[in-house]
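Worksheet: the structure to be examined is printed underneath.
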């Protein structure tokens, strides 16, 4: 009889080799690139997190011929580590043994061995299972993983409970037609536009909740900033005094998350030449003030009375950078008529909602605000918008039986990644993007 116990401790191959200069190491990886010289070859091996330069001296090592080692082979190698300032990481491994564990059946369809592949989206996206092996592509998603990990860590430090909510729902949380319909055993159902209802339910249970999960929007947009499925970083908090509590929590979270990326993704930040901003304070302006600033300082007369157009988001971030030295800016108090039905109206001016967007480097990455917590107020808003209140009985149960003042927000992880790394298309920040035309891979 056999028993299964704990796994072996994970060892980063680059760290292993760097810590054993002058000694022999063994590790596994994939041949990233081969550079043949006259009597030896450089074998660049791609490991979990980086590239290691190896030298294959002579014509053969055991049963493996030097001429037979090709890009894409999976290998186990053993060799002595030598200092080599010209090599990546400052060392190389002189091989004494190599075992080929797998061979590609065909030549690689893209030049993974090049520093920059220079692929168009039309070539890159269908080949994502292969193109993501490139160190630069991999680095994008290590940074993205750190953004999500840092978010979760900060939320838990602030007393938030990590929740997991349904993605098949009976009603759209945001209203409108941008919602995917499906047949749920004969009933009409939808893919969740947002975890909003469930965040509010559980904020009434736990006080503070957060989620990292998929969000679906049936929007017929084919732009560089839209996806039909994306990852949302959401939180909701009860017992707030005002919308400012939510914005303060986001500011603290972003400070923490960006520091987390700097600490945990230093090699990736260097590889991508990413500029990670340092946050002190984030300026806040009201929606109508934003329109005035654009008119006075940019000569721009907005035609959109209810929202910000993409070019206006760019202008406002330019203004925030020049005026306050901030790459982020909160815009608050949007017109109530264009904000969700659960958004609380400003008691001082009910035409405005206690709702905000956060802009970063010219793009909206967050929408949030304070929610309605009074039952009569929520029912009246549904009626004012001519929405069938009977469809929302499970949601308004929240208000009917007592709910503290609360608020929260949602961040698009791909948009945050795109802006942080200055990518020119949100699809580059999605491993396997879903847009109007793409369902595979």
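Numbering (this note's numbering), first residue to last: 936 to 1376.
Even glycine gets a Cβ: it sits at the ideal position worked out from N, Cα and C.
Keep in mind the model is a prediction, meaning the values are calculated, not measured.
Residue 1268 and residue 1218: beta carbons closer than 7 Å? no
Bounding residues of the alpha helix (DSSP H) (the contiguous stretch that carries residue 1066): 1063-1066
Coil, strand or helix - residue 1168 by DSSP: strand
Determine the extent of the beta strand (DSSP E) in which residue 1291 is found, giving its start and end residues. Counting along the chain, the beta strand (DSSP E) containing residue 1291 begins and ends at 1290-1295.
Compare the beta carbon distance of residue 1352 and residue 1364 with 7 Å and say whether it is the shorter of the two. yes
Rounded separation between residue 1253 and residue 1262 - CA only: Distance between residue 1253 and residue 1262, taken at the CA atoms: about 8 Å.
Leaving out the 5 sequence neighbours to the left and right, which residues in its chain are closer than 7 Å to residue 1105 when beta-carbon positions are compared? Here the set comprises 1124.
Length of the line joining the Cα atoms of residue 1273 and residue 1241: 6 Å
Are there 16 or more other CB atoms within 10 angstroms of the CB of residue 1198, so buried, or fewer, so exposed? exposed
Can you list, in chain order, the stretches of the alpha helix (DSSP H) that have 4 or more residues and sit fully within the region 1152-1223? 1178-1199, 1201-1207
Report the rounded CA-to-CA distance for residue 1003 versus residue 1011, giving the unit in angstroms. Roughly 15 Å separates the two Cα atoms.
In chain order, which beta strand (DSSP E) runs of at least 3 residues are fully inside the region 1239-1288? 1263-1267, 1284-1288
Segments of 4+ residues assigned as alpha helix (DSSP H) that fall wholly inside the region 1282-1364: 1310-1319, 1328-1335, 1348-1356
Going straight from the alpha carbon of residue 1026 to that of residue 1037, what length do you get? Between residue 1026 and residue 1037, the C-alpha separation is close to 26 Å.
Limits of the unbroken alpha helix (DSSP H) element including residue 1134: 1131-1141
Would you kindly work out how many angstroms separate the C-alpha atoms of residue 1175 and residue 1375, rounded to a whole number? Counting only the Cα atoms, residue 1375 lies some 43 Å from residue 1175.
Compare the Cα-Cα distances from residue 1349 to each of 1078, 1340, 1173, 1089 and report the closest residue. Closest in alpha carbon position to residue 1349, among 1078, 1340, 1173, 1089, is 1078.
Which full runs of the beta strand (DSSP E) of 3+ residues lie inside the region 1025-1077, going along the chain? 1026-1037
Mind checking which residues open and close the beta strand (DSSP E) that includes residue 937? Careful: residue 937 lies outside any beta strand (DSSP E) and carries neither H nor E.
Going by beta-carbon coordinates alone, are residue 1120 and residue 1330 separated by less than 7 Å? no
So, for residue 1067: in the same chain, excluding its five sequence neighbours on each side, which residues have a beta-carbon less than 8 Å away from its beta-carbon? So the qualifying residues of the chain are 1073, 1076, 1366.
Do you know offhand how far residue 1056's Cα is from residue 1255's? 32 Å
Going along the chain, which residues of its own chain have a beta-carbon closer than 7 Å to the beta-carbon of residue 1085, five neighbours each way excluded? A distance below 7 Å between beta-carbons, with the five flanking residues on each side excluded, links residue 1085 to the following residues of its chain, in chain order: 1191, 1192, 1195, 1196.
For residue 1126, the three-state DSSP class (helix, strand or coil): strand
Does DSSP put residue 980 in a helix, in a strand, or in coil? In the displayed model, residue 980 falls within a strand according to three-state DSSP.
Excluding five sequence neighbours on each side, which residues of the same chain lie with their C-beta closer than 7 Å to the C-beta of residue 1338? 1139, 1308
So, residue 1069 versus residue 1047, is the Cβ gap smaller than 7 Å? yes
Per-residue DSSP class, three states only, for residue 988: In this structure, residue 988 counts as strand in the three-state DSSP scheme.
For the region 970-988 and the region 1017-1034, state whether three or more C-beta atom pairs, one from each stretch, are separated by less than 8 Å. yes
Using 10 angstroms around the beta-carbon of residue 1135, count the other beta-carbons present and answer buried if the total reaches 16, otherwise exposed. Burial is judged here by how many other beta carbons sit within 10 angstroms of a residue's own beta carbon; residue 1135 has at least 16 and is buried.
Starting from residue 1119, follow its DSSP beta bridges and name the residues at the other end. 1122
Report yes if the CB atom of residue 1298 is closer than 7 Å to the CB atom of residue 1231, and no otherwise. no
Please confirm whether residue 966 and residue 1006 have their CB atoms less than 7 Å apart. yes
How close, in whole Å, do the beta carbons of residue 1030 and residue 996 come, if the pair is a contact with beta carbons under 8 Å? About 6 Å; that satisfies the 8 Å criterion.
If we count the other Cβ atoms within 10 Å of its Cβ and call it buried at 16 or more, is residue 1032 buried or exposed? By the neighbour-count definition (other C-beta atoms within 10 Å, threshold 16), residue 1032 is an exposed residue.
With hydrogens ignored, establish whether the beta-carbon of residue 1190 is closer than 6 Å to any heavy atom of the ligand ATP. In terms of ligand content, the structure shown is empty, and the ligand ATP therefore cannot be addressed.
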